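Structure first, commentary second.
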Amino acid sequence: MNKLTNACKTMTEKGSSTTLVKKRLNAVKIGLESLKGTWNGEDFNYSEEIILTSIEVLQGILPSIEKQIAKATEGSSQKTLNERRLTALLLAIESLENRLM
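Residue numbers for the sequence shown, in the working numbering: 86 to 186.
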């Protein structure tokens, strides 16, 4: 989430289009809220449409992270970081999907 927040800030300062970054940032926030809600028994009040959109956006991020993992040197901090990002996204997607049942 920090990476997306920083990207959004930088792109806004440069006057670049931030639509995709904001969409991804929002999806990550919703995924995180879903996980926190599951873990801590907190409320989660989003419509089915928003949940479906978030799932779609998060799934769209997965291929780029998988490519980064494939390119990274085994045992490098970058590979570990991206593996953890991938795990976090998969858990967030699973949590959101469970809310649709």
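Quick reminder that beta carbons are idealized off the backbone N, C-alpha and C, glycines included.
The structure presented is a predicted model; accordingly, all values stated were derived computationally and were not measured.
Rounded distance between the beta-carbons of residue j and residue i, thought under 8 Å
{"i": "Leu-181", "j": "Ser-119", "result": "5 Å"}
{"i": "Leu-171", "j": "Ile-140", "result": "With 8 Å as the limit, Leu-171 and Ile-140 do not qualify as a contact, their Cβ atoms being about 15 Å apart."}
Cβ neighbours of residue i in the same chain (closer than 7 Å, five flanking residues each side left out)
{"i": "Glu-127", "result": "Lys-121"}
{"i": "Arg-109", "result": "Leu-89, Val-142 and Ile-146"}
{"i": "Phe-129", "result": "Glu-118, Ser-119, Gly-122 and Arg-184"}
{"i": "Thr-97", "result": "Thr-103"}
Residue range of the alpha helix (DSSP H) that includes residue i
{"i": "Glu-134", "result": "133-156"}
{"i": "Asn-111", "result": "104-125"}
Proximal residues to residue i (C-beta, below 8 Å), its chain only, five neighbours per side dropped
{"i": "Leu-137", "result": "Leu-185"}
Assigned secondary structure, residue i (DSSP; H/G/I helix, E/B strand, else coil)
{"i": "Glu-159", "result": "coil"}
{"i": "Leu-185", "result": "coil"}
{"i": "Asn-130", "result": "coil"}
Heavy atom of the ligand NAD within 7 Å of residue i beta-carbon
{"i": "Ser-149", "result": "The ligand NAD is absent from the structure shown, which contains no ligand whatsoever."}
Where residue i falls, given that 16 or more other Cβ within 10 Å makes a residue buried
{"i": "Ala-155", "result": "exposed"}
{"i": "Gly-160", "result": "exposed"}
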